[in-house]
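Asker: One structure is given below, represented as structure tokens, and several questions about it will come after.
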Amino acid sequence: MSEPIPSTIPAGIGRERQFEVYVGGARGVSPRVPVSFDALERRARKAMSPEGYAYVAGGAGREETIGENRAAFERWRILPRMLRDVSRRETAVEVLGTPFSTPFALCPIGVLEMAHNHADVGVARAAAAEGIPFVFSNQASRPMEETARAMGDAPRWFQLYWSTHDELVESLVARAEACGCGAIVLTLDTTMLGWRIRDLDLAYLPFLRGKGIAQYTSDPVFLEALQETLRREAPPTGRITLAALGTLWELASSFPGPRLQGLRSGLARAAVRRFVETYSRPSLSWDDLAFLRERTRLPILLKGVLHPADAEAAVEHGMDGIYVSNHGGRQVDGSVGTMDVLPAIVDAVGGRVPVVVDSGVRSGADVFRALALGASAVGLGRPYVWGLAAGGEEGVREVIRNLRADFDLTMGLAGCASLSDIGRDSVQRAA
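With this note's numbering applied, the sequence shown corresponds to residues 6 to 436, in that order.
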């Protein structure tokens, strides 16, 4: 339990978190996970398998885009103002009807079982406890229903990958509505996997081992389609090796029910085959959005938008929000950093819909800079996964607390008592 902050110290989540850490230190208690992002990543790497770490840390190609995301944030410098009453800071905001205690959400990240066995459920509990929305991944390690139960009434959205099977798309969206998700985040930039060298060097793709496909193996439409896959002749298995047997055993553990049953029935292998055939649709076009719009009452955000013309087209096609993202640098090597294109996209939509941004967020200063350039909220990705790997659910909670505190203090020290005080005059582009 955190120490109460002395009544002589003005309230605020930033001051409270600082006091909690420093008082703990005086009693010989260190934070559960490192506050420094670099130290946190190092701790997580030690806790993860080489394959798990590579999957989360890696980007496309030479990983130029990962570096560009950070450089794009750092090109914008905060311009603090003085002698403003910032003794109380208000950080709450509402985006498309979803309440945020602080203007960031946890991004959808797949295969969280590679970080910790509590996976999506541990993250969900942490997000709910801290009042931060969690965007359920389409490539989750736990079914959305289980994750939603762990959150109670806390806010969540659902990320959708548009598969080659429209009935499956419809089913996933209906399940998200039934699970209390407040929006659909249609991800556009992953109609094919990027050229990810770290994974290729290890010759490792988690989905082929049955990891990260829980939304599929829990879906009635997908399970019905499995019967057709089982009726088809399976492709040749090749030479049987110890490694192949290990992969088959690992794969069998991913299918609901007893492991041996999934192995003997062939359902586990068939589920992976069906997933590979179904996953994502490169032919997706603007005309397809009407299908989704007609099948859900939820707001729809388009994730992966990097061009102002695409942002304008999204609004024209009846979409409810723009999610500026380059998938954390995992899809297109040499892509633009999200903060470099954010101002033009905000200008293009002209306040008609909210704009969320992710890719490269590491600090409260990053959240502040994104809001100053017109974002309604930001998405936090890898840092919370490192927290999960390093400290489980409590590790995620500490990462959230630290970012909330950092943002609160940055606001106050920049002379902003409320989010409405943060504007483009709060930052300037570095020379």
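Glycine is no exception: its CB is placed at the ideal position from the N, C-alpha and C atoms.
(1) Along the chain, where does the alpha helix (DSSP H) that runs through Thr283 open and close?
(2) Identify, in the order they occur along the chain, each residue of the same chain with its Cβ nearer than 8 Å to the Cβ of Val26, setting aside the five sequence neighbours on each side.
(3) In chain order, what residues of the same chain have a beta carbon less than 7 Å from the beta carbon of Leu418, not counting five sequence neighbours either side?
(4) Can you check which of these residues, Glu46, Arg67 and Met87, is closest to Asp426 by C-alpha distance?
(5) Taking 8 Å as the cut-off, decide whether the C-beta atoms of Asn331 and Thr70 are in contact.
(6) Going straight from the alpha carbon of Asp43 to that of Leu303, what length do you get?
(7) Do Trp167 and Arg286 have their C-beta atoms within less than 8 Å of each other?
(8) What runs of the beta strand (DSSP E), each 3 residues or longer, lie entirely inside the segment 281-347?
(9) For Gly397, collect the residues of the same chain with a Cβ closer than 7 Å to its Cβ; drop the 5 residues on either side in sequence, then sort them by chain order.
(10) Cβ atoms of Arg300 and Ala452: under 8 Å apart, would you say?
(11) Would you call Ser364 buried or exposed, if buried means 16 or more other Cβ atoms sit within 10 Å of its Cβ?
(12) Would you say His322 and Ala230 are within 8 Å of each other, going by their C-beta atoms?
(13) Go ahead and pull the three-state DSSP assignment for Trp391.
(14) If you measure between the beta carbons of Pro313 and Ala375, is that distance less than 8 Å?
(15) Is Arg467 helix, strand or coil when you go by DSSP?
(16) Would you mind working out which of Met149, Ile405 and Gln433 sits nearest Gly136, comparing C-alpha positions?
(17) What would DSSP say about Ala110, mapped onto helix, strand or coil?
(18) How should Glu99 be labelled, buried or exposed, when 16 other C-beta atoms within 10 angstroms of its C-beta is the threshold for buried?
(19) Go ahead and pull the three-state DSSP assignment for Ala383.
(20) By DSSP's criteria, Thr169 is part of a beta bridge. Which residues make up the other side?
(21) Give the DSSP-derived three-state secondary structure of Val404 in the structure shown.
(22) What separation, rounded to the nearest whole angstrom, lies between the Cα atoms of Ala76 and Val360?
(23) Please identify the residue among Leu193, Leu385 and Cys184 whose C-alpha is closest to the C-alpha of Ser288.
(24) With contact counted as at least three CB pairs below 8 Å, one residue from each stretch, are the segment 58-69 and the segment 407-423 in contact?
(25) What ranges does the alpha helix (DSSP H) occupy inside the segment 185-229, keeping only unbroken runs of at least 4 residues that lie completely in it?
(26) Could you check what DSSP says for Pro104 in three-state terms: helix, strand or coil?
(27) From the DSSP output, in three-state form, read off Met6 for me.
(28) Do you know how far the Cα of Gln232 is from the Cα of Gly115?
(29) Mind checking which residues open and close the alpha helix (DSSP H) that includes Val358?
(30) Could you give the DSSP three-state label for Gln433: helix, strand or coil?
(31) Give the list of continuous alpha helix (DSSP H) stretches no shorter than 4 residues that lie fully inside the segment 67-106.
(32) For Phe141, report the span of its beta strand (DSSP E) as first-last.
(33) For Phe78, which residues from the same chain have a beta carbon less than 7 Å from its beta carbon, with the 5 sequence-adjacent residues on both sides left out?
Answerer: In terms of the structure at hand:
(1) In this chain, the alpha helix (DSSP H) harbouring Thr283 covers Leu272 to Thr283.
(2) Cβ within range, chain order: Pro36 and Val40.
(3) Excluding the 5 residues flanking it on each side, Leu418 has same chain C-beta neighbours closer than 7 Å at Pro85, in chain order.
(4) The shortest Cα separation from Asp426 among Glu46, Arg67 and Met87 belongs to Met87.
(5) Contact annotation: Asn331 and Thr70 have beta-carbon atoms nearer than 8 Å.
(6) Their backbone Cα atoms lie some 38 Å apart in a straight line.
(7) It is a contact, given that the beta carbons lie within the stated cut-off.
(8) Within the segment 281-347, the complete beta strand (DSSP E) runs of at least 3 residues are 305-310 and 326-329.
(9) Within the same chain, His121, His123 and Gly127 come within 7 Å of Gly397 by CB-CB distance, once the 5 residues on both sides are set aside.
(10) The first residue shown for the chain is 6 and the last is 436, placing residue 452 beyond what the model contains.
(11) Counting Cβ neighbours within 10 Å, Ser364 comes out buried, since at least 16 surround it.
(12) Annotated as distal: His322 and Ala230, with beta-carbon spacing of 8 Å or more.
(13) Three-state DSSP puts Trp391 in a helix.
(14) No, they are not a contact pair.
(15) Since the first residue shown for the chain is 6 and the last is 436, residue 467 is missing from the structure and cannot be characterised.
(16) Nearest C-alpha to Gly136 among Met149, Ile405 and Gln433: Ile405.
(17) Residue state, collapsed to three classes: strand.
(18) Glu99 counts as exposed, since fewer than 16 other C-beta atoms from the protein chains shown sit within 10 angstroms of its C-beta.
(19) It should be noted that the sequence gives Val, not Ala, for residue 383. Three-state result, Val383: strand.
(20) Looking at the DSSP assignment, Thr169 forms no beta bridge with any residue, so it has no partner.
(21) Helix.
(22) Rounded to the nearest angstrom, the two C-alpha atoms are 21 Å apart.
(23) Comparing Cα-Cα distances from Ser288 to each of Leu193, Leu385 and Cys184, the minimum goes to Leu193.
(24) Between the segment 58-69 and the segment 407-423 there are fewer than three C-beta pairs closer than 8 Å, too few to call the two in contact.
(25) The DSSP assignment places 202-207 and 219-222 as complete runs of the alpha helix (DSSP H) inside the segment 185-229, in order along the chain (cut-off: 4 residues).
(26) The answer is strand: DSSP assigns Pro104 an E or B state.
(27) Confidence at Met6 is low in this model, with a pLDDT of 49, below 50, so its placement is unreliable and no value can be given for it.
(28) Rounded to whole angstroms, the separation of the alpha carbons of Gln232 and Gly115 is 26 Å.
(29) Per DSSP, Val358 lies in no alpha helix (DSSP H) segment and is marked neither H nor E.
(30) It is a strand residue.
(31) Counting whole runs of 4 or more residues, the segment 67-106 contains the alpha helix (DSSP H) stretches 69-79.
(32) It spans Phe139 to Phe141 - the beta strand (DSSP E) in which Phe141 sits, taken as one unbroken run.
(33) Met344, Gly365, Asp371 and Arg374.
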